[in-house]
Amino acid sequence: MVRLTRRSILRSSLGLAAAGTMARPYIAKAQAKTAQVWWVQGFVPEEDAAFQKLVADYEKQSGNKVDYSIIPFAPMRQKIISAVTSGVVPDLIYATPPEVVPLQAWEDRLVDVTDVVETQKAKILDIALASANCYNNVQKKRSYYGVPFEGAVVPFHIWGSLVEKSGYKVSDIPNKWDAFIDFFKPVQKKLQEQGMRHTYATGFVVSTIGNDPTNTFQQFMIAYGGENIVTEDGQFNGKDPQVHEAVVKAVERLAGLFKDGYIPPSSINWNDADDNNAFHSKLCVMDFDGTLSTELAMLKKQKEELKEVITRGLPLTNDGKRMKPQFGTNCMIIPKGAKNVDVAKDMAKYIIEPKVHAEYLKGGLGRWLPVMPELVKNDPWWTDLEQDSHRPPYVEEGFGGPVLPFYYIYNPAWAQVRAEHPFNVAFHDVTAGGMTSQAAVEKAFKRIEEIFEKYQIKAG
Amino acid sequence: MADIVHTTRTLPRQALAAPRPRRRAWRGHLQGSEYAWALAFCVPYVAVFLAFVVYPVAFGIWMGSEPLLYTTLFSDPIYVRTVVNTALFLGIAINLKLFLALLLSGFFMRPGWWTKALLMIFVLPWAVPALPTYISIHWMLNGEYGLFNNLLYELFGVTGPDWLTARWTSLGSAMVSHIWKWLPFWTVILLAGRMAIPTEIQDAAKVDGATGFRNFVHINFPLLANLYLICTLLSTIFSLGDFNSVYFVTGGGPADSTHVLATLGIRYAFDLAQPRLGVAAVISALPLLIPLVIILMRKFRTSQVEL
Numbered sequence: 054m055v056r057l058t059r060r061s062i063l064r065s066s067l068g069l070a071a072a073g074t075m076a077r078p079y080i081a082k083a084q085a086k087t088a089q090v091w092w093v094q095g096f097v098p099e100e101d102a103a104f105q106k107l108v109a110d111y112e113k114q115s116g117n118k119v120d121y122s123i124i125p126f127a128p129m130r131q132k133i134i135s136a137v138t139s140g141v142v143p144d145l146i147y148a149t150p151p152e153v154v155p156l157q158a159w160e161d162r163l164v165d166v167t168d169v170v171e172t173q174k175a176k177i178l179d180i181a182l183a184s185a186n187c188y189n190n191v192q193k194k195r196s197y198y199g200v201p202f203e204g205a206v207v208p209f210h211i212w213g214s215l216v217e218k219s220g221y222k223v224s225d226i227p228n229k230w231d232a233f234i235d236f237f238k239p240v241q242k243k244l245q246e247q248g249m250r251h252t253y254a255t256g257f258v259v260s261t262i263g264n265d266p267t268n269t270f271q272q273f274m275i276a277y278g279g280e281n282i283v284t285e286d287g288q289f290n291g292k293d294p295q296v297h298e299a300v301v302k303a304v305e306r307l308a309g310l311f312k313d314g315y316i317p318p319s320s321i322n323w324n325d326a327d328d329n330n331a332f333h334s335k336l337c338v339m340d341f342d343g344t345l346s347t348e349l350a351m352l353k354k355q356k357e358e359l360k361e362v363i364t365r366g367l368p369l370t371n372d373g374k375r376m377k378p379q380f381g382t383n384c385m386i387i388p389k390g391a392k393n394v395d396v397a398k399d400m401a402k403y404i405i406e407p408k409v410h411a412e413y414l415k416g417g418l419g420r421w422l423p424v425m426p427e428l429v430k431n432d433p434w435w436t437d438l439e440q441d442s443h444r445p446p447y448v449e450e451g452f453g454g455p456v457l458p459f460y461y462i463y464n465p466a467w468a469q470v471r472a473e474h475p476f477n478v479a480f481h482d483v484t485a486g487g488m489t490s491q492a493a494v495e496k497a498f499k500r501i502e503e504i505f506e507k508y509q510i511k512a513g
Numbered sequence: 000m001a002d003i004v005h006t007t008r009t010l011p012r013q014a015l016a017a018p019r020p021r022r023r024a025w026r027g028h029l030q031g032s033e034y035a036w037a038l039a040f041c042v043p044y045v046a047v048f049l050a051f052v053v054y055p056v057a058f059g060i061w062m063g064s065e066p067l068l069y070t071t072l073f074s075d076p077i078y079v080r081t082v083v084n085t086a087l088f089l090g091i092a093i094n095l096k097l098f099l100a101l102l103l104s105g106f107f108m109r110p111g112w113w114t115k116a117l118l119m120i121f122v123l124p125w126a127v128p129a130l131p132t133y134i135s136i137h138w139m140l141n142g143e144y145g146l147f148n149n150l151l152y153e154l155f156g157v158t159g160p161d162w163l164t165a166r167w168t169s170l171g172s173a174m175v176s177h178i179w180k181w182l183p184f185w186t187v188i189l190l191a192g193r194m195a196i197p198t199e200i201q202d203a204a205k206v207d208g209a210t211g212f213r214n215f216v217h218i219n220f221p222l223l224a225n226l227y228l229i230c231t232l233l234s235t236i237f238s239l240g241d242f243n244s245v246y247f248v249t250g251g252g253p254a255d256s257t258h259v260l261a262t263l264g265i266r267y268a269f270d271l272a273q274p275r276l277g278v279a280a281v282i283s284a285l286p287l288l289i290p291l292v293i294i295l296m297r298k299f300r301t302s303q304v305e306l
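Below, the structure written as C-alpha cells:
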C-alpha cells in the first residue's frame, strides 16, 4: 500500500510543476497553430457540412488546426456577449446577429481586420464593405472590424397552392406594395370560408423579439418613403417630415392589418423561427422572411410541398418604382484577447477567397448570398430557374438594383434600436394601448433620440 | 490503521518542539501531518467555494456597481412595469400556491390506497423537467392551434381567447404554470409537516369535539403556522429568481409587458447587449431578498425552539 506523506505530496507536486514547465513550449507551439472558431449552425445539415468541408480543406492547405464549435443562432449572441464581457474569447467568430459587429467595435473590443479585407476588397460589394467598416469610439475613427463573407435580403414566400385554392391565380397577384398586400385579404376570407379557420393572409412578425419584426417594419417604412431615417453620417433623421409620415403610415398599416385579423394574433409573441413554422403549417398564405431558410427547411419533411411555394422579391412601390430591399451582411470577427490572431486572420482570408467563398455558399444550398457580385454573374447555379425556382428571384432581389443597408452600419445606436424595437412597441401601443399612431410614433422617436444621444459619432 | 501510524510517528516530534502558541491556535488539536492532511482536504473545497461562489458574486456586484446603471434602469418604463409584475407574481402566485398546498396536504392525509395513488400522480408535474413542460404549456395556450382553444372549439363551439397576446392573461398564464409546477413540492412538504403532528394531540382534540374545520383552525394550522411561513418565505426567495416559468411560457411578451426581474436581466444582458444593466436589474431585487433571508434565518431559530 502506498503511504502518502506531506513530503511525498510535495515531491509529486514539484515533479508535476517541473514537467509542466518543460512541456510548456511544446504545448504553446501546438496551440499557436490552432484557432478556436465559433460558427453558427445552419438551417439545414448541408450548411454545417459545407462549413466542415471548408475547415477540412483549410487545415489541409495551411497545416493549421481549427478547433470549432457549431452553435445555434439564438445562443450564439449570448455566447458572444458572455465571451467579450468575461474576456475569455475564441479566435474567430461568425458574428450573429450582424449588429454585434458595430456594437463591439464601438467598445474597442475587436481586432482591426483591414489587412484581411484588403485581400479581396475590390471584389466585395460596397454595401458589404460598409457593414464591416465600423466606428471605434475609443480610437474615434472607422476601420474594418469585420470580414464580410455572406449576405441576405428579405424575400416574400407565398403558398401558391393556397392562392389557387381560394379561387385566384398566382398571376393575379399585383406588383405594387399596398395592392400586393391587400390581395391576400380576400384570399384569407375565401380559405376561411372553406374551413381553414386558422389561415391568415400574412405572416408579418409584429413582436418585440429578434430580427424579423424590425425587418418587416423597416420594409413598410421604406415602402412609404422613410428610407432616410438614419443619415450616412450616423444621425437620426426622425425630424424629416417625409420620414415621420412614412413611419406613422407604417405603424397604421401594420396595426390595421393586425386589428382587422390579417396577421395571426400569436405573431405578437413570435421569435425569428416562429413565422417560418407558421408558414410551413399553412397558418399564413404569405410570409416576409429573410434568406431562403423558409424554403430550405422544407427539404427534409415537406419536399413535395415546396413545389407549391413561390419565392419572390419585393413588389414595386405604390408609385411604380423599384423598391429598395434591405441587404444584410454577415461578418467574421476576431475579438480582442484572441490567442491566435494570426491563424484567425489566415483562416478568414481563406474563407473570402472567391473560389472558397462560392463553394461554401453553394454547399449551404444558397441560403446566403455571396458578397462578391461576380460570383453570381458568372455562375448559372444562382440564376437558372430550371435548376431551382426559389433561388433566382432571391438573387434578383439582392443583385437586381440598388439596395439599402441595415442602418446600424451608419451608427451602432440603430443596433440598440433594433434590439429595443421601439416601432413594434408603438404598434403595440396602438393595437393594445389605444394610442393614436401619431402619439405612439412620437414616443418611439423620443426613445430613439435618447439612444442616439449615447452614440455620438465624431465627423471624420 | 493509517491514523495510528501517523500518531505514533509524530508524537515524539511534538514533545520535542518548542511551544509555538500562535501555530497551535491555528492547528487546534491537530498534530504533525494531520495538519497537512486537513489542509489538503480543505483546499479543494475552499478553491471551489472561491471560484464558484465568491468570484461570481463579487464579479456580479462589481458589474452592477456603477450608479449610472440604476439611473438608466429606473428611467426605463419596462423596468418599472417589471417590478410591478414581479410583485404581483410573488404576491399572488406564491400565496395562492402555498394556500392550495396547505389545503391539498390535508386532503392527502386521508387514509386509503387511492389517496396514495393520487399523490403519486399529483407529484408528477414537479418530477418532470421544467423546460419541456413550460414550452408545452406555451404551445397549448397558442390562440390559433393550441390545445386549449381547439378543445373549447371542438367541445363547445367557442373561440377561446388569445391567452398570450394580452398582458394580464399572459402574466396569469405564467403564474398558473408556476403554481402547477411547484404546487406538488410544497404540498409534500406541508404533508410531512402534518404527519409530524403527534397523533395524541389529534386524539385529544377529537375527544374535545374538535373535528373538521375546528380541528384545522385550532390544532393543525397553529402547529403548521411556522412551517407555512418558512415555506412562504423560501418559495418567495426561490421564485424571485424564477426565470423559466415566465421566459418559456410568455417570453416576456407581448411587447415586454410580462417580464419579471429574472427575465428582464437576461433581456438587458443579451438582447440589448448590456450585461452590466442586466446584472443591475437582478441586483435591484436585493433590498427585498436580504430582509427575506434575515427573516427566514430568524424563523428557523424560532421554529427550532417551538418544535
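Protein chains in written order, with the numbering used here: chain A, 54 to 513; chain B, 0 to 306. Beta carbons are placed, not taken as given, at the ideal position from N, Cα and C, and that holds for glycine.
Check: In angstroms, rounded to a whole number, what distance separates the CA positions of residue 189 of chain A and residue 460 of chain A?
Finding: 16 Å
Next item on the list: With DSSP as the reference, label residue 189 of chain A as helix, strand or coil.
Entry: Residue state, collapsed to three classes: strand.
Note to self: Distance cutoff 7 Å, beta carbons only. Does residue 142 of chain B sit that close to anything in chain A?
What the structure shows: Under the Cβ criterion of 7 Å, residue 142 of chain B is counted among the residues facing chain A.
Item checked: Residue environment, residue 174 of chain B, which counts as buried when at least 16 other CB atoms sit within 10 Å -> buried
Next item on the list: Please classify residue 230 of chain A: does DSSP put it in a helix, a strand, or coil?
Entry: helix
Check: Is residue 28 of chain B buried or exposed, if buried means 16 or more other CB atoms sit within 10 Å of its CB?
Finding: It counts as exposed.
Next item on the list: Under 8 Å Cβ to Cβ from residue 348 of chain A, same chain only, skipping five residues before and after it: list those, please.
Entry: 210, 359, 362, 364, 443
Next item on the list: Using a Cβ-Cβ cut-off of less than 7 Å, give me the residues of the stretch 242-274 of chain A that come near chain B, in sequence order.
Entry: Flagged, chain order: 251, 260, 261, 262.
Note to self: Tell me the rounded alpha-carbon separation between residue 305 of chain B and residue 265 of chain A.
What the structure shows: Any reading at residue 305 of chain B must be qualified, since the residue scores a pLDDT of 47, below 50, and its modelled position is unreliable; the value itself is stated next. Near 59 Å, if we compare the C-alpha coordinates of residue 265 of chain A and residue 305 of chain B.
Checklist line | Start-to-end residues for the beta strand (DSSP E) that takes in residue 88 of chain A | finding: If you look at residue 88 of chain A, you'll find it in the beta strand (DSSP E) that goes 87-93.
Checklist line | Where residue 201 of chain A falls: helix, strand or coil (DSSP) | finding: strand
Check: Can you tell me whether residue 100 of chain A is buried or exposed, with buried defined as 16 or more other CB within 10 angstroms of its CB?
Finding: Under this definition residue 100 of chain A is a buried residue.
Check: From residue 246 of chain B to residue 258 of chain B, what distance separates their C-alpha atoms?
Finding: 8 Å
Check: Going by alpha carbons, who is nearest to residue 201 of chain A out of A/402, A/456, A/240?
Finding: A/402
Next item on the list: Give a yes or no on whether 7 Å exceeds the smallest Cβ distance from residue 272 of chain B to chain A.
Entry: yes
Check: Taking three-plus beta-carbon pairs below 8 Å as touching, is the stretch 192-206 of chain B in contact with the stretch 39-49 of chain B?
Finding: Contact fails: fewer than three Cβ-Cβ distances are below 8 Å.
Notebook entry, point to check: For residue 122 of chain A, does the three-state DSSP call read helix, strand or coil?
Noted result: strand
Check: Taking the alpha-carbon positions, what's the residue 445 of chain A to residue 394 of chain A distance?
Finding: Each residue's Cα considered, the two are about 37 Å apart.
Notebook entry, point to check: If you measure beta-carbon to beta-carbon, which residues of the stretch 332-360 of chain A are closer than 8 Å to chain B?
Noted result: 334, 336
Notebook entry, point to check: Looking at the structure shown, is residue 70 of chain A part of a helix, part of a strand, or coil, going by DSSP?
Noted result: Three-state result, residue 70 of chain A: helix.
Item checked: Chain-ordered neighbours of residue 164 of chain B on chain A, where CB pairs are closer than 7 Å -> 318, 319, 321, 322
Checklist line | Element boundaries [alpha helix (DSSP H), containing residue 395 of chain A] | finding: 394-404
Check: chain B partners of residue 528 of chain A, CB-CB under 9 Å?
Finding: Outside the modelled stretch of chain A, which goes from 54 to 513, sits residue 528 of chain A, for which no answer is possible.
Item checked: Cutoff 7 Å: residue 241 of chain B Cβ touching any chain A Cβ -> no
Checklist line | Residues within the stretch 451-473 of chain A neighbouring chain B, beta-carbon criterion of under 7 Å | finding: 469, 472, 473
Check: Can you name the residues that DSSP bridges to residue 148 of chain A?
Finding: A/384
Next item on the list: Could you check if residue 100 of chain B is buried or exposed, using at least 16 other CB atoms within 10 Å of its CB as the buried criterion?
Entry: Buried is the label assigned to residue 100 of chain B, since at least 16 other Cβ atoms lie within 10 Å of its Cβ.
Item checked: Contacts that residue 134 of chain A makes with chain B (C-beta to C-beta distance below 8 Å) -> 268, 269, 272, 274
Check: Mind checking if residue 130 of chain A is an interface residue toward chain B, Cβ cutoff 7 Å exclusive?
Finding: yes
Margin query: Strictly below 8 Å CB to CB, what residues from chain B border residue 478 of chain A?
Written below: 254, 255
Notebook entry, point to check: Just reading off the beta strand (DSSP E) that residue 339 of chain A is part of, what are its end residues?
Noted result: 337-341
Notebook entry, point to check: Which stretch, first to last residue, makes up the beta strand (DSSP E) that contains residue 211 of chain A?
Noted result: 209-212
Item checked: Own chain residues within Cβ distance below 6 Å of residue 274 of chain A, not counting five before or after -> 299, 300, 303
Notebook entry, point to check: Whose C-alpha, out of A/288, A/277, A/343, is nearest the C-alpha of residue 268 of chain A?
Noted result: With respect to the C-alpha of residue 268 of chain A, the residue from A/288, A/277, A/343 having the closest C-alpha is A/343.
Check: Can you tell me whether DSSP reads residue 257 of chain A as helix, strand or coil?
Finding: Three-state result, residue 257 of chain A: coil.
Item checked: residue 253 of chain A classed as buried or exposed, judged by whether at least 16 other C-beta atoms fall within 10 angstroms -> buried
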